[in-house]
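The end of the sequence shown is residue 1959 by our numbering, with every number in the run present. Beta carbons: idealized from backbone N, C-alpha and C, even for Gly. Single-structure report; data block below.
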Amino acid sequence: MGDIHALAINGNLKGIKQALGNKGLLSSLDDEKGWSPLHYAANKSKAKIVQVILDAGINPNIKSKPPEGQKQNDWNLALEDNKENKATPLHPMDVAEGPHRTKILNNLIAKGGKFSAEDLNLHQAVQMQDIDEVECLLEDDSIKINERDNRGWMAIHYAVEIGSFDIVKLLVENKANVNGSTFEPELDQLNPWEIANDNENEKMLKYLVSKGAAKHSTRGQVKYKKSADQVKVGNDEPEFKGIEYIDSPSKPDSLLGKLFESKSDKIKRLEAAAAQMKQKEDQAAEVRKKIQEEEEKKKRQRVIKWKWGEDPFQLKGESLVYDSPCEAHTYFMDIVGYSNKSTAEQKKVTDELISYVKGTEGFQQANRQGKLIILPTGDGMALVFFNSVHAAFKCAVDVGKKTYKHPQIGLRNGVYSGPVVPVKDINDNPNVSGSGINMAQRCMDAGDNDHILISNGVHQYV
């Protein structure tokens, strides 16, 4: 570990400021964890250090780099068999901890910071305050709304802490536990009511009370606050069930006791305290490892499978069940007057339309989840969404905004929800049959330039 990393860990603001002229030094990765000073500052809850480093222009998404012994072959890392050996690069947001975590995350997000995972989990989406992503995740039956992360927090705890009323309301409507505690009840005992009350958020508090939230009956004496001037006491690590600690002699409270404490007693007390701390760290690390292994196991169960020789980053729709009827949401579009354009003009407008479609959030989300089949139609395309009607509708609206009164692209749009059957075509590529896609085309055909027509089935949800 370099001196600059030690300065970040210890919160040495003066030393960090002296190093501001050397961006290469502030971006350097150490040999132990492959972390930058920004990683360490975020992990040790040094909010001022984080802010100073960000103001110096350091990338908020600087990636950690695994030590030499952990490096793997890039292609092997893409294979499912070697997935457990992968040392995932982490962003500073992934490792942020401690009492000033929310402030640090907000500072990182303000500078463009993101979590390293391409697919945000529910806790991360809430912390990013991405309500559209939260809404889509809640439509996934595999998502457990009251699941705790490795800090022992539920998604609703983060939403209340941040003060995002709309996200809290969305979580409660989807059966989030308004009285769930963060860690063990006899320890921190933080539930949504207490977080909202301590942060003096009256609107949030009234809403939670109306939904049955209440103060924990055995709340401890430690008062939680997310304010920047909170004093850091003890270790930031959460307590876990099943952890027991050895007893260590307490430090003498009275002046007389301090004066007459023998050297041998003091040494024993310090050794016992050190042993207690080591035991605590080892047991907490073991619990975190088990939680991480469980999360990786769940993630692998949802991963898209591919065959040897295929490009895993180009497959579409491979998480779908083929030759089985299911509900889908089809967005059909075509370019008005396409056949009247020259070949060069056709290519130009098609490429531009493709860039608009790929840039929409709805397309990107469904594509990441493997819940999208793309069907080119010559003068347009059909996008069949299998994740949510909101993704299809939002994609249509975003594309419509880009092409509205466009000098070269006049677009007709139709969105329909109905039954389809995912199939493979003669080239073994994903395709779709069924009344759902046929009705989507009819819906589009009924419109004119710059129109977006939606079926009744779509309208009742959006």
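Contact check, residue i vs residue j, beta carbons under 7 Å
{"i": "I1628", "j": "I1664", "result": "yes"}
{"i": "L1605", "j": "A1622", "result": "no"}
{"i": "K1708", "j": "V1675", "result": "yes"}
{"i": "A1607", "j": "I1601", "result": "no"}
{"i": "A1652", "j": "L1702", "result": "no"}
{"i": "H1502", "j": "D1528", "result": "no"}
{"i": "S1542", "j": "H1597", "result": "yes"}
{"i": "L1687", "j": "T1679", "result": "yes"}
{"i": "G1610", "j": "P1557", "result": "yes"}
{"i": "G1915", "j": "M1941", "result": "no"}
{"i": "E1658", "j": "T1599", "result": "yes"}
{"i": "T1857", "j": "C1823", "result": "no"}
{"i": "G1521", "j": "K1562", "result": "no"}
{"i": "N1837", "j": "A1863", "result": "no"}
{"i": "Y1655", "j": "Q1624", "result": "yes"}
{"i": "I1513", "j": "V1549", "result": "yes"}
{"i": "Y1828", "j": "D1876", "result": "no"}
Top-ranked residue by Cα proximity to residue i, from the options
{"i": "V1881", "options": "Q1861, K1899 and T1900", "result": "Q1861"}
{"i": "A1888", "options": "L1869, G1877, K1899 and M1878", "result": "L1869"}
{"i": "G1508", "options": "I1788, H1536 and G1518", "result": "H1536"}
{"i": "P1904", "options": "Y1655, I1832 and E1768", "result": "I1832"}
{"i": "V1886", "options": "M1936, K1902, H1826 and A1863", "result": "H1826"}
{"i": "K1560", "options": "K1514, N1698, L1668 and S1613", "result": "S1613"}
{"i": "E1849", "options": "K1899, V1894 and D1942", "result": "K1899"}
{"i": "A1710", "options": "I1949, P1689, N1698 and K1700", "result": "P1689"}
{"i": "D1820", "options": "V1854, T1874, V1896 and D1925", "result": "D1925"}
{"i": "K1855", "options": "K1672, D1895, Q1780 and I1550", "result": "D1895"}
{"i": "V1547", "options": "K1562, L1504, G1521 and G1531", "result": "L1504"}
{"i": "T1874", "options": "A1673, M1830, I1506 and N1694", "result": "M1830"}
{"i": "F1890", "options": "D1945, Q1957 and G1867", "result": "Q1957"}
{"i": "D1945", "options": "D1500, L1908 and R1939", "result": "L1908"}
{"i": "V1818", "options": "L1551, D1500, K1921 and I1934", "result": "K1921"}
{"i": "S1639", "options": "D1947, Q1866 and Q1776", "result": "Q1866"}
{"i": "Y1901", "options": "D1947, R1939 and Q1938", "result": "D1947"}
{"i": "R1645", "options": "A1943, R1785, E1842 and P1534", "result": "R1785"}
Supposed contact pair residue j and residue i - C-beta distance, whole angstroms, cut 8 Å
{"i": "I1951", "j": "V1918", "result": "22 Å between Cβ atoms; not a contact."}
{"i": "G1660", "j": "N1696", "result": "7 Å"}
{"i": "A1516", "j": "L1510", "result": "Going by Cβ atoms, the distance from A1516 to L1510 rounds to 11 Å, so no, they are not a contact pair."}
{"i": "G1897", "j": "N1910", "result": "6 Å"}
{"i": "A1539", "j": "P1586", "result": "Not really, about 15 Å apart at Cβ, beyond 8 Å."}
{"i": "V1929", "j": "L1872", "result": "7 Å"}
{"i": "A1673", "j": "N1643", "result": "6 Å"}
{"i": "I1906", "j": "V1846", "result": "5 Å"}
{"i": "K1765", "j": "Y1704", "result": "In fact, because the Cβ distance is near 53 Å, the residues do not count as touching under 8 Å."}
{"i": "A1879", "j": "I1934", "result": "6 Å"}
{"i": "K1712", "j": "F1662", "result": "That belief does not hold up - the Cβ atoms of K1712 and F1662 are roughly 20 Å apart, past 8 Å."}
Terminal residues of the alpha helix (DSSP H) in which residue i lies
{"i": "E1824", "result": "Taken as a continuous stretch (DSSP letters only), E1824 belongs to no alpha helix (DSSP H), being part of the beta strand (DSSP E) at C1823 to I1832."}
{"i": "I1601", "result": "R1598 to A1607"}
{"i": "I1949", "result": "No alpha helix (DSSP H) holds I1949; the beta strand (DSSP E) holding it covers I1949 to I1951."}
{"i": "M1941", "result": "S1932 to D1942"}
{"i": "N1946", "result": "First-last for N1946: undefined, no H or E at that position."}
{"i": "I1501", "result": "D1500 to N1507"}
{"i": "H1588", "result": "Neither: H1588 is in no alpha helix (DSSP H) and is coded neither H nor E."}
{"i": "K1514", "result": "L1510 to Q1515"}
{"i": "H1536", "result": "P1534 to N1540"}
{"i": "V1959", "result": "Taken as a continuous stretch (DSSP letters only), V1959 belongs to no alpha helix (DSSP H), as it is neither H nor E."}
{"i": "L1523", "result": "K1520 to L1523"}
{"i": "A1622", "result": "L1619 to Q1624"}
{"i": "L1551", "result": "A1544 to D1552"}
Within the segment 1846-1926, ranges of the beta strand (DSSP E) (whole runs, at least 3 residues): 1869-1873, 1877-1882 and 1908-1921
Secondary structure, alpha helix (DSSP H): runs of 4+ residues fully inside the segment 1630-1703: 1652-1659, 1662-1670 and 1689-1695
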